[in-house]
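Note that my numbering has the sequence shown beginning at 349, numbered continuously upward. Heads up, the beta-carbon is just placed ideally off N, CA and C, and yes, glycines get one too.
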Amino acid sequence: MRSDFNVPSSSVVTAAVQSNLVLLTQGIEVVGRLSWEDYNFEVAACFNSTIGGHYRHVMEHYQGLRVGLETGDVDYENRVRDSLIETEPDYALGIAQQMEKLLREISANGPGDRTLRLASETVEGEMLVTSLGRELEFLISHTVHHYALMAVIAGQVEVPLPADFGMAPSTLKHQRTWKAVCAR
Numbered sequence: 349m350r351s352d353f354n355v356p357s358s359s360v361v362t363a364a365v366q367s368n369l370v371l372l373t374q375g376i377e378v379v380g381r382l383s384w385e386d387y388n389f390e391v392a393a394c395f396n397s398t399i400g401g402h403y404r405h406v407m408e409h410y411q412g413l414r415v416g417l418e419t420g421d422v423d424y425e426n427r428v429r430d431s432l433i434e435t436e437p438d439y440a441l442g443i444a445q446q447m448e449k450l451l452r453e454i455s456a457n458g459p460g461d462r463t464l465r466l467a468s469e470t471v472e473g474e475m476l477v478t479s480l481g482r483e484l485e486f487l488i489s490h491t492v493h494h495y496a497l498m499a500v501i502a503g504q505v506e507v508p509l510p511a512d513f514g515m516a517p518s519t520l521k522h523q524r525t526w527k528a529v530c531a532r
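Given below as structure tokens:
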């Protein structure tokens, strides 16, 4: 599984798109290997959540960015909450591939950032100023967080996942640095 988040770039947008593409590819590879039962298995210790529930949540945040790029307003709280993403792994993979396509289009359009408005989660109706680059960075941490929860659930159903699935880019970078220092 590819986990190279250390993307040299002169553009935050370009680097963040590449890191998000790495994450989407990881998710597609993992979900593609799961049975329907494993994707939908509820784990009591994780508030009865499922891998599918976390994957839906992640995909809907990417969809929220897509809407924001179309309208100028990003609102992660006002999501569709598509139960098919949560329960049907093949359908979810189709959505993930659409999100990959979106990111590739962003990358193809050049490294430019753009201003967006972000709906406040704490004050209803209030909008904050944000940017494409900032939201792409948010999606990295948000996705890693939910992938980590997916990994915990996978462990409960004894489905082996790659060791780096659900690990933050900074953790992976630190581990590479530490191994290099220890190898001397």
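Under 8 Å Cβ to Cβ from S489, same chain only, skipping five residues before and after it: list those, please. So the qualifying residues of the chain are A516.
Any 3 or more C-beta pairs closer than 8 Å across the stretch 370-382 and the stretch 446-463: Yes, since at least three Cβ pairs between the stretch 370-382 and the stretch 446-463 fall closer than 8 Å, the two stretches touch.
Rounded straight-line distance, which links the Cα of A467 to that of S479: Straight through space, the alpha carbons of A467 and S479 are spaced by roughly 12 Å.
Could you tell me whether the Cβ atoms of E483 and L432 are closer together than 8 Å? At a Cβ-Cβ threshold of 8 Å, E483 and L432 do not count as neighbours.
T419 to Q411, Cα distance in whole Å? Their Cα atoms are separated by approximately 12 Å.
How is R414 classed by DSSP in three states: helix, strand or coil? In the structure shown, R414 sits in a helix (DSSP, three-state: H, G or I).
By alpha-carbon positions, which one of A499, T362, D461 and A363 ends up nearest to V378? Of A499, T362, D461 and A363, the residue nearest in Cα terms is A499.
Note down, in chain order, each residue of its chain lying with its Cβ closer than 7 Å to the Cβ of L441, except the 5 sequence neighbours on either side. Counting only Cβ-Cβ distances below 7 Å, and skipping sequence neighbours, we find I376, V379 and G380.
Since D386 and V507 should fall inside the 8 Å C-beta cutoff, what is the C-beta to C-beta distance between them, to a whole number of angstroms? So it is a contact: roughly 5 Å between Cβ atoms.
Exposed unless 16 or more other CB atoms sit within 10 angstroms - verdict on Q523: Answer is exposed; the Cβ neighbour count stays below 16.
Rounding to the nearest angstrom, what Cα-Cα distance links R452 and V360 in this structure? A straight line joining the alpha-carbon of R452 with that of V360 spans about 15 Å.
Just curious, the beta strand (DSSP E) that V477 is in, first and last residue? Its beta strand (DSSP E) spans residues M475 to S479.
Nearest to V428 by CA position, among P437, F395, G503 and V406, is which residue? Nearest option by C-alpha distance: V406.
Opposite V422 in the DSSP bridges: which residues? Under DSSP, V422 takes part in a beta bridge, and its partners are L466.
Just verifying my parser: in three-state terms, what is the DSSP assignment at V360? Helix at V360.
Cβ-based burial, A456 [other Cβ within 10 Å; buried from 16]: The C-beta of A456 has fewer than 16 other C-beta atoms within 10 Å across all chains shown, which makes the residue exposed.
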